[in-house]
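Student: Here it is, the structure in full.
Residue numbers (the numbering used here), protein chains in the order written: chain A, 12 to 109; chain B, 220 to 246.
Next comes the structure, spelled out in structure tokens:
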């Protein structure tokens with residue numbers, strides 16, 4: 012995935028069963044953002060892989076004051092890349108294990 | 220505690236905690 016300066020990781024182990032999963036997001040490189048992020052905190056949230064979109068969550072983070080509105084796309088892309096990896100793993104790895 | 224919780228009007232809960240120094244890229 013492209014280095015966006017915003018890191019997104021699983022905040023819990025993925026057993027491939029729940030559609031909702033906990034993710035943790037933090038800024039690794041503030042210079043890649045257009046605006047100043049709120050602080051250096053890691054933001055933990057749940058994301059529903061079936062019902063929600065990364066764009067929705069990124070918009071809510073902007074509205075909650077974590078990021079400048081000009082950074083909504085880079086935050087959404089960071090979440091989208093991680094979600095794509097989680098879904099890739101679920102489709103290819105979990106059927107083999109089970 | 221150093222945890223902060225922010226609830227968006229749509230209902231999503233954001234829990235903010237400090238990022239360990241080891242996880243931050245060197246500036």
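We treat Cβ as the ideally placed atom computed from N, Cα and C, and that holds for glycine.
Under 8 Å between beta-carbons, which chain B residues line up against residue 46 of chain A? List them in chain order, please.
Tutor: In the first chain, counting from the first residue as 1, residue 46 of chain A sits at position 35. What residue 46 of chain A touches in chain B: nothing, since even the nearest Cβ is about 17 Å away.
Student: Put residue 234 of chain B into one of helix, strand or coil per three-state DSSP.
Tutor: Counting from one through the second chain, the residue named residue 234 of chain B turns up at place 15. Three-state result, residue 234 of chain B: strand.
Student: Could you compute how far the alpha carbon of residue 101 of chain A sits from the alpha carbon of residue 36 of chain A?
Tutor: For the purposes of this step, residue 101 of chain A is taken as residue 90 along the first chain, with counting starting at 1. For the purposes of this step, residue 36 of chain A is taken as residue 25 along the first chain, with counting starting at 1. Computed Cα separation, rounded: 21 Å.
Student: Could you check whether the Cβ of residue 54 of chain A sits closer than 9 Å to any Cβ belonging to chain B?
Tutor: Stepping through the first chain from its first residue, residue 54 of chain A is reached at position 43. Yes, its Cβ sits closer than 9 Å to a Cβ of chain B.
Student: According to DSSP, is residue 14 of chain A helix, strand or coil?
Tutor: One-based indexing of the first chain puts residue 14 of chain A at position 3. Residue state, collapsed to three classes: coil.
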